[in-house]
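Each residue of the sequence shown is one higher than the one before, starting from 1 at the first, in full-length UniProt numbering.
Quick reminder that beta carbons are idealized off the backbone N, C-alpha and C, glycines included.
Given the structure is predicted, the values throughout are model-derived calculations rather than measurements.
Notes follow the structure.
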Amino acid sequence: MSLSTQQADNDSQYLMVAKLDNARHVSTILKAIHFKDTATVFASPMGLKVTTEDAKCVQANAFIQ
Numbered sequence: 001m002s003l004s005t006q007q008a009d010n011d012s013q014y015l016m017v018a019k020l021d022n023a024r025h026v027s028t029i030l031k032a033i034h035f036k037d038t039a040t041v042f043a044s045p046m047g048l049k050v051t052t053e054d055a056k057c058v059q060a061n062a063f064i065q
């Protein structure tokens, strides 16, 4: 997956653009941490961090570069 946080042109409305060759890998990662309907996503130049937790006793993180 390639991430870009730089704007390609001045009138672009997106802060981040991600391009996947195969979405199946990301789908598998997200299925592994899917035990709640909500998640927190943190985007950085290094990639994405997806965090979900249940009742403040179980937390799952997925790091996608």
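When DSSP labels each residue in this structure, what does residue i get in the three-state scheme?
i          : result
residue 64 : strand
residue 59 : strand
When burial is assigned at 16 or more other CB atoms within 10 Å of the CB, is residue i buried or exposed?
i          : result
residue 73 : Missing from the structure shown is residue 73; the chain here goes from 1 to 65 and no further.
residue 52 : buried
residue 58 : exposed
residue 17 : exposed
Hey, residue i and residue j are a contact pair by Cβ (cut 8 Å); roughly how many whole angstroms apart?
i          : j          : result
residue 48 : residue 33 : The Cβ separation is near 12 Å, so there is no contact.
Query raised in the report: Of all the alpha helix (DSSP H) runs that stay within the bounds of the stretch 17 to 47, which reach a length of 4 or more residues?
Result: 23 to 32
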